[in-house]
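These notes concern the structure reproduced below.
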Amino acid sequence: MTLEIVVMIKQVPDSQEVVIDPVTFTLNRSAARNVINPADENAIEAALRIKDKEKDVHITVITMGPPFAETALIDAMARGVDDAILVSDRAFAGADTYPTGLTLAATITRMGKFDIIFAGEESTDSSTGHVGPGVAEFLGIEQASYTSSTWIEDEFVYADRELEDGIETVRMKSPCLITVLTNSNVPRNPTLRMKIDSIKKGIKTWSLADIGLKPEWVGLKGSPTIVKSMRTINEKKREGKKFKAGEMDKFVDELVSKGILKL
Amino acid sequence: MVGLVNAEPPENAGEYKNVLIFLETRQGKLAKPGLEMISVGAAIAHKVNEELIGIVMGNKIEGLVQEAGEYGCDKVIGLKSKDLEDFRTIPYSVNLSELITELKPNILLIPATRNGRDLASRIAVRSKTGVTADCTELDIDPAERILQARRPTYGESTLAEILCKRHRPQMATARPGIFSVPERDPKRKFVSEIRKTTIKKEFLKKEIVSFKPKSTLDLTSAKIIVSGGLGLGKPSGFKLLEELAGEIGASVGASRPTVDMGWIERDHQVGQTGQSVRPDIYIACGISGKAQHIMGMRLSKNIVSINTDASAELNSISDYIINEDLYKVIPELIDAIKRRKSGEKKPAEAPA
Ligand SMILES: Cc1cc2nc3c(=O)[nH]c(=O)nc-3n(C[C@H](O)[C@H](O)[C@H](O)COP(=O)(O)OP(=O)(O)OC[C@H]3O[C@@H](n4cnc5c(N)ncnc54)[C@H](O)[C@@H]3O)c2cc1C
Ligand SMILES: Nc1ncnc2c1ncn2[C@@H]1O[C@H](COP(=O)(O)O)[C@@H](O)[C@H]1O
Numbered sequence: 001m002t003l004e005i006v007v008m009i010k011q012v013p014d015s016q017e018v019v020i021d022p023v024t025f026t027l028n029r030s031a032a033r034n035v036i037n038p039a040d041e042n043a044i045e046a047a048l049r050i051k052d053k054e055k056d057v058h059i060t061v062i063t064m065g066p067p068f069a070e071t072a073l074i075d076a077m078a079r080g081v082d083d084a085i086l087v088s089d090r091a092f093a094g095a096d097t098y099p100t101g102l103t104l105a106a107t108i109t110r111m112g113k114f115d116i117i118f119a120g121e122e123s124t125d126s127s128t129g130h131v132g133p134g135v136a137e138f139l140g141i142e143q144a145s146y147t148s149s150t151w152i153e154d155e156f157v158y159a160d161r162e163l164e165d166g167i168e169t170v171r172m173k174s175p176c177l178i179t180v181l182t183n184s185n186v187p188r189n190p191t192l193r194m195k196i197d198s199i200k201k202g203i204k205t206w207s208l209a210d211i212g213l214k215p216e217w218v219g220l221k222g223s224p225t226i227v228k229s230m231r232t233i234n235e236k237k238r239e240g241k242k243f244k245a246g247e248m249d250k251f252v253d254e255l256v257s258k259g260i261l262k263l
Numbered sequence: 001m002v003g004l005v006n007a008e009p010p011e012n013a014g015e016y017k018n019v020l021i022f023l024e025t026r027q028g029k030l031a032k033p034g035l036e037m038i039s040v041g042a043a044i045a046h047k048v049n050e051e052l053i054g055i056v057m058g059n060k061i062e063g064l065v066q067e068a069g070e071y072g073c074d075k076v077i078g079l080k081s082k083d084l085e086d087f088r089t090i091p092y093s094v095n096l097s098e099l100i101t102e103l104k105p106n107i108l109l110i111p112a113t114r115n116g117r118d119l120a121s122r123i124a125v126r127s128k129t130g131v132t133a134d135c136t137e138l139d140i141d142p143a144e145r146i147l148q149a150r151r152p153t154y155g156e157s158t159l160a161e162i163l164c165k166r167h168r169p170q171m172a173t174a175r176p177g178i179f180s181v182p183e184r185d186p187k188r189k190f191v192s193e194i195r196k197t198t199i200k201k202e203f204l205k206k207e208i209v210s211f212k213p214k215s216t217l218d219l220t221s222a223k224i225i226v227s228g229g230l231g232l233g234k235p236s237g238f239k240l241l242e243e244l245a246g247e248i249g250a251s252v253g254a255s256r257p258t259v260d261m262g263w264i265e266r267d268h269q270v271g272q273t274g275q276s277v278r279p280d281i282y283i284a285c286g287i288s289g290k291a292q293h294i295m296g297m298r299l300s301k302n303i304v305s306i307n308t309d310a311s312a313e314l315n316s317i318s319d320y321i322i323n324e325d326l327y328k329v330i331p332e333l334i335d336a337i338k339r340r341k342s343g344e345k346k347p348a349e350a351p352a
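Have a look at this one:
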């Protein structure tokens with residue numbers, strides 16, 4: 001029987017191109033290109049590695065996003081993913097993690113059979129890490145978060161979870177959800193040939209009606225949290241006082257006399 | 001299909017009160033990130049004349065329940081079972097959400113550790129409520145009893161205040177290393193209760209096959225950090241930094257590329273994909289100060305930049321700039337510190 005893998009990916013502004021304004025300390029993201037969220041690239045790679053090893057694996061990438069998120073899906077297909085679904089609807093706008101998880105869980109339910117769902121550990125633009133486990137809860141399945149590798153052995157799914165104080169190896173039966181750490185593997189690059197093939201093959205686009213949720217359950221309306229306000233974090237004025245080689249005694253005196261360094 | 005029915009969060013703010021705090025245990029001990037939330041949790045609860053209730057789950061928890069009270073919980077509930085000995089998502093989330101149904105807390109606080117975030121995500125969906133991740137400030141609006149959960153966003157440049165007005169409990173996770181562990185007082189009065197529970201087999205399907213402990217460096221609580229970047233030029237550059245760090249009781253940090261090249265272990269990495277630190281002094285040696293690095297250290301109280309490039313980005317957020325070759329100036333700095341410690345004068349100033 002085919003092993004069905006789903007990878008949830010999100011398109012985010014490229015953080016290497018997002019620059020911090022040195023005066024206001026706000027982020028200028030307008031100039032940035034959109035890319036696949038870094039951890040999600042590792043999630044795609046983790047899925048592809050299972051496909052490299054096991055027989056009869058089928059991978060679908062899904063994203064909830066605006067129409068232009070199609071480019072992220074095409075990019076994933078060009079790396080070796082079989083199919084892609086874009087769930088897109090005006091009603092999804094403004095979703096916090098709760099309706100995002102619900103929307104993705106409903107999409108996966110609509111897809112039919114699934115064995116392993118992969119997500120990134122967190123997204124660089126909202127960085128909560130809540131969407132992956134949230135989907136697992138909506139679907140009522142097991143999960144392993146913050147993993148550095150996943151493999152299949154004797155019909156069990158194994159994963160290494162990297163915790164603050166050590167590495168925990170877990171095993172469980174599918175269906176299950178795995179969240180993948182940023183930098184846990186080296187993602188392969190899309191080839192030009194496969195890029196052309198993916199564009200030819202195309203993606204599926206589903207709307208709210210296709211996944212059978214009510215409009216008041218999704219997007220801003222379905223979000224329990226609201227952003228009340230944003231303020232710039234008060235940046236301390238930094239003097240940038242200069243010291244040269246040969247002045248290190250003076251420098252140490254300064255730090256000690258100001259109570260910055262205690263010797 | 002388990003969860004999708006009744007996916008709409010109910011409006012249930014009315015009858016909920018008190019602050020619940022999940023105290024994570026690691027390897028049989030109460031972990032620091034949970035203890036760090038006790039003061040802020042107690043402050044929020046007491047501001048509206050409510051209680052802070054600590055939750056401890058595990059097998060041998062009697063001592064930990066006592067400890068949680070001594071650190072400042074008004075009440076502590078221990079859930080005891082050998083199946084709760086190690087954290088596993090489903091048994092922990094099922095048990096915690098049963099407690100939520102019973103106790104109806106207005107607020108639920110969970111540390112934003114890896115297991116904490118894992119648990120918080122599932123509880124939010126189970127309780128059909130909102131959760132604000134990775135907060136660095138927590139307060140309460142006393143009139144409405146609304147949690148004001150604030151978290152840095154957009155690369156630590158902005159602080160967003162997030163509210164959950166209609167759904168309960170109002171949930172937040174707090175970033176480790178931001179709040180400090182309160183003083184432990186063996187004489188503090190509190191109420192405690194230990195309940196034995198049994199966990200259904202169906203919730204125990206995930207097995208922990210092995211655990212390999214590793215000692216990881218906790219930079220988040222370091223007071224002084226000496227941090228190295230590609231400007232070190234070679235792995236042995238970290239030896240020099242260790243020497244400096246040794247003199248001033250500092251921990252060693254690193255930029256990501258030095259970690260990627262294997263010059264130093266990953267737990268030394270500072271930045272967006274490493275640790276977020278806020279020491280009293282951050283001494284950056286040969287670090288350019290790209291956005292992803294700055295995100296992890298710009299809240300340091302004092303920043304020193306040692307860099308051959310006067311226009312390095314990091315200099316624009318530095319209190320002290322030493323525009324020199326680090327291999328020239330760090331040995332001088334080490335000597336100056338040694339002299340200062342031993343009360344010696346600088347050679348040039350010393351009487352002939
Ligand atoms: C998604 C993503 C996440 C990232 N996360 C992180 C992160 O968490 N942490 C992180 O650090 N980076 C992160 N990065 C990488 C980041 O963008 C930068 O590439 C990195 O911080 C640069 O490291 P560096 O300052 O050591 O190196 P460089 O930028 O190469 O800077 C080296 C500096 O050393 C100076 N120098 C050279 N020789 C000497 C000398 N002899 N004495 C003194 N100074 C000298 C140079 O003038 C230069 O300023 C991330 C990138 C991405 C895309
Ligand atoms: N809109 C989305 N579409 C698909 N997957 C998503 C979306 N948002 C988040 N995810 C997945 O959930 C992970 C965690 O995201 P977050 O909870 O936003 O930090 C990401 O790495 C993705 O795998």
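Protein chains in written order, with our numbering: chain A, 1 to 263; chain B, 1 to 352.
Just so you know, even glycine gets a beta-carbon here, dropped at the ideal spot from N, CA and C.
The structure displayed is predicted, hence computed values, not measured ones.
Quick one: measure Cβ to Cβ for W217 (chain A) and L102 (chain A), integer angstroms, because I've assumed they're closer than 8 Å. 6 Å
Can you tell which of A:S127, A:K195, A:T109 and A:A47 has its C-alpha closest to the C-alpha of A72 (chain A)? A:K195
Beta-carbon spacing of I264 (chain B), T258 (chain B) below 8 Å: yes
If G222 (chain A) and P99 (chain A) are in contact, beta carbons under 8 Å, what's the gap, nearest whole angstrom? 4 Å
To the nearest whole angstrom, what separates the beta carbons of P182 (chain B) and S39 (chain B), a pair I think is in contact under 8 Å? 5 Å
For D260 (chain B) and A43 (chain A), what's the separation of their Cα atoms in angstroms? 19 Å
Sort A:S184, A:K53, A:H58 and A:G120 by Cα distance to Q11 (chain A) and report the nearest one. A:G120
Closest to A222 (chain B) by C-alpha separation, out of B:F203, B:E202 and B:S300, would be which residue? B:S300
Label N49 (chain B) either buried or exposed according to how many other C-beta atoms from any shown protein chain fall within 10 Å of its C-beta, with 16 as the threshold for buried. exposed
Residue range of the beta strand (DSSP E) that includes D139 (chain B): E137 to D141
Does the beta-carbon of T101 (chain B), which I'm using as the reference point, lie nearer than 7 Å to any heavy atom of ligand 2? no
Assigned secondary structure, Y158 (chain A) (DSSP; H/G/I helix, E/B strand, else coil): strand
Simplified DSSP state of K228 (chain A), which is helix, strand or coil: strand
For I9 (chain A), is the beta carbon positioned less than 7 Å from some heavy atom of ligand 2? yes
Identify every residue that forms a DSSP beta bridge with Q358 (chain B). Any property of residue 358 (chain B) remains undetermined from this structure, which presents chain B solely from 1 to 352.
Please report the straight-line C-alpha distance between T60 (chain A) and V81 (chain A), rounded to a whole angstrom. 6 Å
Using the DSSP secondary-structure output, state which residues sit across from H58 (chain A) in a beta bridge. A:E4
Assign Q27 (chain B) to buried or exposed, taking buried as 16 or more other Cβ atoms, counted over all protein chains shown, within 10 Å of its Cβ. exposed
Step through the CB atoms of chain B and report whether any lies within less than 8 Å of the CB of K242 (chain A). yes
On a Cα-Cα basis, can you pick out the residue from B:D319, B:T129 and B:I224 that is closest to E11 (chain B)? B:T129
For V87 (chain A), the nearest candidate out of A:F251, A:F243, A:S207 and A:G202 (CA to CA): A:S207
Using a cut-off of 8 Å between C-beta atoms, extract the partners of S15 (chain A) located in chain B. G155, Q272, A291 and Q292
Integer Cβ distance of A124 (chain B) from H130 (chain A), believed to fall under 8 Å: 7 Å
Helix, strand or coil: which one does DSSP assign to S257 (chain A)? helix
Are the beta-carbon atoms belonging to I194 (chain B) and E62 (chain B) less than 8 Å from one another? yes
Rounded separation between K242 (chain A) and N323 (chain B) - CA only: 8 Å
Selected residue, minimal CA-CA separation from P236 (chain A), among B:N59, B:F87 and B:M297: According to the sequence shown, residue 236 (chain A) is Lys rather than Pro. The residue with the shortest Cα to Cα distance from K236 (chain A) is B:M297.
Could you tell me which whole alpha helix (DSSP H) segments of length 4 or greater appear in the segment 141 to 221 of chain A? 192 to 201 and 208 to 211
Helix, strand or coil, according to DSSP, for E193 (chain B) in the structure here? strand
Have a look at H268 (chain B) and I167 (chain A) and give me their C-alpha separation to the nearest angstrom. 17 Å
Just how far apart, CA to CA, sit I287 (chain B) and R114 (chain B)? 28 Å
What distance in whole Å lies between the Cβ atoms of P152 (chain B) and T136 (chain B), which are believed to be in contact at a cut-off of 8 Å? 6 Å
Is H46 (chain B) near ligand 1, judged by its Cβ being under 7 Å from some heavy atom? no
Tell me whether the segment 159 to 170 of chain B and the segment 74 to 87 of chain B touch, counting them as touching only if at least three CB pairs, one residue from each stretch, are closer than 8 Å. no
C-beta neighbour in chain B for M172 (chain A), strict 8 Å: yes
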